[in-house]
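Notes follow once the structure below has been shown.
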RNA sequence: GGGAGUGUAGCGAAGUCUGGCUAAACGCGACGGACUGUAACUCCGUUCCUUCGGGUUCGUAGGUUCGAAUCCUACCGCUCCCA
């Protein structure tokens, strides 16, 4: 299978500007492909992972991977379908850029991957240069027709965000010239921006200049719902924001119906390997073999093998049920990935304790959970609203382990 | 600038004409429980806060009234039509 056939098989291809042309160009020698991301936060999340995985596949297929961390575009704001973006301060942007560069480096490794900041060229451009050299080449009529702009005309869009597509177009042109980038990869919402770049290159470099764009379909689960959130929170790639354990569990908890789709889309496993996993899972779905493999593969890609081992060990400890016999040292080792809070070194009513630990947001909620038998402290179920929690009662007085519901653990560190 | 709408809990959406029975129907989501495979489906419960007496809510600020999400005034936001 070639690069494109593989993407199709994985359900990871939405639109492509010129399939034949791209394959031809790829066969003629090594070319680069790029994915751009703006530093809107200090970490990427699962939504960002998708284009990066396709870029990685491109790299595995013999291409050169180039990544833009958009210092300049991030300062402008890619228009969202709903409302204008809040601009970020320069300090925040700088901080985010560094954090994201580091993450991307971890995903791609040092060798052969180029990470650039578009501020290097966009930041130096003067306004007259911009208008003369680039603005002249863009038709407002065409720009207005881009879906994202058209959808914003009713509610309003600033001149700043309107201009975004030109900047992204310039990025593609710059990389086309500097890094032999011939392909831009993005989510399906990026189609308009990507074609801006392809059009610009064709205008400047000639209509037969090889430049292609490719988008990836939005991932949804089997019920059609948006993918990538857990309890309303984004799944981050930064271990400090989403622990490797939580990350692993996110994948492990996916339902049977989605496993095949996710294995294809989110792992680098070969087709026959995936078929084998799917067949084995179908035979004995209760063993959750597909989920385990999915969790392993994706966690390894993002956090490394050590994190996979740790997440598996932690999962084993948590779901075997009995935590009361663990030593303080074991607690410290095994539960490092669980959300933690500082516990006072004194007895306290359960309800107050739960709220102060941030496990529930109101006493009402905390009472309900206790009454329902949802709260377990140090392995013992607590159902009495008057129960006094003694944080020093177990684990050498160093830790309190709270479980809410079946799956959620919180570790209190006694002060 | 002129005109017509509209703003209700995390979201969607009733209630407004005909003021009290409304902490506010219903749906979704979320959270817990049962079942199970750490699943799906299904079922049950909860979903503003609380010292469990009560307290604070229906865009904001006033007003009328014994009593206002409901009536009046002003202001703010959003949508649509005309210019």
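Residue numbers (the UniProt record's numbering): 1 to 415.
All C-beta atoms in this analysis are idealised placements derived from N, C-alpha and C, irrespective of residue type, glycine included.
Model, not experiment: these values are computed from the prediction.
Look at residue 340 here: in three-state DSSP terms it is strand. Here the region 48-67 lies against the region 21-38, with 3 or more beta-carbon pairs under 8 Å apart.
Counting only the Cα atoms, residue 47 lies some 41 Å from residue 349.
Residue burial is scored here from C-beta neighbours: residue 12 has at least 16 other C-beta atoms within 10 angstroms and is therefore classed as buried.
Setting aside the 5 residues that flank it on each side, residue 245 is surrounded in the same chain by 310, 311, 314, 315, 337 and 338, each with a C-beta closer than 8 Å to its C-beta; the list follows chain order. In the DSSP secondary-structure assignment, residue 45 is bridged to 236. For residue 349, the beta-bridge partners assigned by DSSP are 388. Note: residue 376 is bridge-paired with 381 and 403 in the DSSP secondary-structure output.
According to DSSP, residue 213 shares a beta bridge with 184. Secondary structure at residue 335: helix, using DSSP grouped into helix, strand and coil. The alpha-carbon separation between residue 332 and residue 186 amounts to approximately 41 Å. Under the three-state reduction of DSSP, residue 242 is assigned to coil, being neither helix nor strand. Contact between residue 169 and residue 218 does not hold, since the beta-carbon distance rounds to 23 Å and is not under 8 Å. In the three-state reduction of the DSSP assignment, residue 410 falls in the strand class, which pools E and B. With distances taken between CA atoms, residue 93 lies nearest to 71 out of 26, 213 and 71.
By the neighbour-count criterion, in which 16 or more other beta carbons inside 10 Å mark a residue as buried, residue 164 falls on the buried side.
Nearest C-alpha to residue 7 among 18, 147, 101 and 215: 215. By the neighbour-count criterion, in which a residue is buried when 16 or more other Cβ atoms sit within 10 angstroms of its Cβ, residue 2 is exposed.
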